[in-house]
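Input: a single structure, listed below in structure tokens.
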Amino acid sequence: MARGEQFLAQVPPNERDPVAEPQSDSESDIAESAAEDGAVPAKKSRFNKKMIIIGGAVVLLLIIGGVLAAMFLFKGEAKGEEAAAGEHAAAPAEGGHGEAGATYIDAPAMVVNLRGADGTARFLKIRFTLVPESADKVEEIKAKLPAVVDAFQPFLRELRPEDLAGSAAVFRIKEEMLVRANGALGPGEIKDILIQDLIQQ
Numbered sequence: 251m252a253r254g255e256q257f258l259a260q261v262p263p264n265e266r267d268p269v270a271e272p273q274s275d276s277e278s279d280i281a282e283s284a285a286e287d288g289a290v291p292a293k294k295s296r297f298n299k300k301m302i303i304i305g306g307a308v309v310l311l312l313i314i315g316g317v318l319a320a321m322f323l324f325k326g327e328a329k330g331e332e333a334a335a336g337e338h339a340a341a342p343a344e345g346g347h348g349e350a351g352a353t354y355i356d357a358p359a360m361v362v363n364l365r366g367a368d369g370t371a372r373f374l375k376i377r378f379t380l381v382p383e384s385a386d387k388v389e390e391i392k393a394k395l396p397a398v399v400d401a402f403q404p405f406l407r408e409l410r411p412e413d414l415a416g417s418a419a420v421f422r423i424k425e426e427m428l429v430r431a432n433g434a435l436g437p438g439e440i441k442d443i444l445i446q447d448l449i450q451q
């Protein structure tokens, strides 16, 4: 036996230098397959992480879509219920009795000229509803509605554009119209005036 072979025979296989010892073909095949096995799990783990992230995003989008669809459906049902309630509430506005026994009389829209300090032509469009004190007098008040509109004309024509500024102006106009309506119909006949539109052009 040669000296090198004798030395290798004395050194246990696990302590031998892998560089110094030549590898056989079968050992190199095993090393290559081990390297390949090590590379494949790294790709699989990266692939698995991507799949988990994509799957989570898809699930999140489905949940958000479901919530939005549910909100849309329930919102549509709520609008339907509100519309049905609005139909029931619209009947009293035409002169019937509401829940509290209130009766409403729609007056025709009025358009009047405003007094402008600079001489420019300005207009006021007002639409309002009368609330009578007694539901029994609705027909009588409807018959006298032209007299009420006539009582409003001088007051509305005396308004200036600056008289219509702010919410306090609307309150003052309502109060003055209420006084004039009761003057035309009789004291206490109208308990409130509801202004629907007040547009200055």
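Our numbering applies: residue 251 is where the sequence shown begins, and numbers increase by one. Beta carbons: idealized from backbone N, C-alpha and C, even for Gly. These numbers come from a predicted model, not from an experiment.
Do residue i and residue j have their C-beta atoms within less than 7 Å of each other?
i      : j      : result
Leu409 : Leu444 : no
Leu406 : Val362 : yes
Rounded to the nearest angstrom, what separates residue i and residue j at their Cα positions?
i      : j      : result
Ser384 : Phe402 : 22 Å
Gln450 : Ala307 : 54 Å
Lys394 : Ile355 : 12 Å
Pro411 : Leu435 : 29 Å
Ile303 : Val309 : 10 Å
Ala397 : Ala319 : 55 Å
Ala367 : Met427 : 24 Å
Ala422 : Phe324 : For the record, residue 422 in the displayed sequence is Arg; it is not Ala. For Arg422 and Phe324, the distance between alpha carbons rounds to 42 Å.
Val399 : Arg430 : 9 Å
Gly315 : Met301 : 21 Å
Ser417 : Met321 : 36 Å
Ala419 : Glu425 : 10 Å
Lys441 : Phe373 : 28 Å
Ala371 : Pro437 : 36 Å
Glu389 : Val317 : 52 Å
Pro404 : Gly369 : 19 Å
Could you name the residues of the same chain whose beta carbon sits closer than 7 Å to that of residue i, not counting the 5 residues immediately before and after it, in chain order?
i      : result
Glu439 : Pro382, Glu383, Lys387, Ile391, Asn432
Gln446 : Arg377, Phe378, Thr379
Glu349 : Its pLDDT being 44, under 50, Glu349 is placed unreliably by the model, and nothing is read from it.
Lys299 : none
Leaving out the 5 sequence neighbours to the left and right, which residues in its chain are closer than 6 Å to residue i when beta-carbon positions are compared?
i      : result
Ile376 : Met360, Leu448
Glu344 : Low confidence applies to Glu344: its pLDDT is 47, below 50, so where it sits in the model is not reliable enough to give any reading.
Can you tell me where the beta strand (DSSP E) with residue i in it begins and where it stops?
i      : result
Gln450 : 440-450
Leu380 : 372-382
Leu364 : 360-364
Quick one: using the 10 Å Cβ neighbour count with 16 as the cut-off for buried, is residue i buried or exposed?
i      : result
Leu312 : exposed
Ala357 : buried
Arg296 : exposed
Over the uninterrupted alpha helix (DSSP H) stretch that includes residue i, give me the two end residues.
i      : result
Arg430 : 417-435
Pro404 : 395-407
Can residue i be considered in contact with the ligand FAD, in the sense that its beta carbon sits closer than 6 Å to one or more heavy atoms?
i      : result
Ile445 : Of the ligands one can find in the structure shown there are none, so the ligand FAD has no counterpart to examine.
To which residues of the same chain is residue i closer than 8 Å at the C-beta, ignoring the five residues directly before and after it?
i      : result
Gly305 : none
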